[in-house]
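A.B. asks:
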Amino acid sequence: MMQEETFYSVRMRASMNGSHEDGGKHISGGERLIPFHEMKHTVNALLEKGLSHSRGKPDFMQIQFEEVHESIKTIQPLPVYTNEVSCPGEGQKLARLLLEKEGVSRDVIEKAYEQIPEWSDVRGAVLFDIHTGKRMDQTKEKGVRVSRMDWPDANFEKWALHSHVPAHSRIKEALALASKVSRHPAAIAELCWSDDPDYITGYVAGKKMGYQRITAMKEYGTEEG
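Below is the structure:
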């Protein structure tokens, strides 16, 4: 049983032109939940991830780990569906439709979309009230972070093979996050695309529709996510 072993939360964040708190540009982040014997390998992998990111060369990086004292809860990943689209415009149109299917009103979707450019530099997520379409978190540029989660590599690779999904670390991290978010009783739907300039796939996720990958949510080369 996973719970019998002691686990550690390992987290990395990297930025350029100073730390995040000093207004530096976010470059990369990552986190794992691991047993102690995987610590050296995991820290090295996070170091490599932060140093070789397409968003730039960091001049600030923080890697920290701490023992997890609570028991670890395991959950099932959301079912995954891939939607092939020809361009970002088509992808964003589909995303709006999926959000509506999940129970978000068209009016609130449009209100949220109007505010997205304003919050594109936020490092975490922005929470919108489903009734008003207004931002409800008080985290400003920091955003809301979903943390202390992971998906063991061997288990993910087995799942990816069975589900006919690419065994890519991006999918592993995003699906673990989306699945955790969807378990929260107050979460209705999630809309996401990456700030990596070389990755344009995004997703809409929710309890009813699962994890809906959309193959183009922005143009290549753009860092707004």
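Take the numbering used here: the last position of the sequence shown gets the number 272, and nothing is skipped along the way. Cβ atoms here follow ideal geometry from the backbone N, Cα and C, with glycine treated the same way. From a predicted model like this one, the values you see are computed outputs, not experimental measurements.
By the DSSP assignment, the beta strand (DSSP E) with residue 257 in it spans what residues?
C.D. replies: Unbroken beta strand (DSSP E) run through residue 257: 257-261.
A.B. asks: Pairing CB atoms from the stretch 220-227 with CB atoms from the stretch 105-112, are three or more of them under 8 Å?
C.D. replies: No: fewer than three Cβ pairs fall under 8 Å.
A.B. asks: Give a yes or no on whether the C-beta atoms belonging to residue 253 and residue 239 are separated by under 7 Å.
C.D. replies: No, the pair does not count as a contact, with Cβ atoms beyond the cut-off.
A.B. asks: I'd like the list of long-range same chain contacts for residue 82, defined as Cβ closer than 8 Å, with 5 residues on each side in sequence excluded.
C.D. replies: Closer than 8 Å at Cβ, skipping near neighbours: 52, 53, 54, 55.
A.B. asks: How many whole angstroms separate the CB atoms of residue 267 and residue 244, which I take to be in contact at a CB cut-off of 8 Å?
C.D. replies: Yes, residue 267 and residue 244 are in contact; Cβ-Cβ is about 7 Å, under 8 Å.
A.B. asks: What does residue 61 pair with, by DSSP beta-bridge criteria?
C.D. replies: BP columns for residue 61 point to 75, 108.
A.B. asks: Between residue 180 and the rest of its own chain, which residues show a CB-CB distance below 6 Å, the 5 nearest in sequence each way excluded?
C.D. replies: Correct list, in chain order: 155, 158, 159.
A.B. asks: Identify the residues that DSSP records as bridge partners of residue 54: which are they?
C.D. replies: DSSP lists 82, 115 as partners of residue 54.
A.B. asks: Taking the Cβ atom as the reference point for each residue, do residue 149 and residue 262 lie within a distance shorter than 7 Å?
C.D. replies: Contact flag unset, no.
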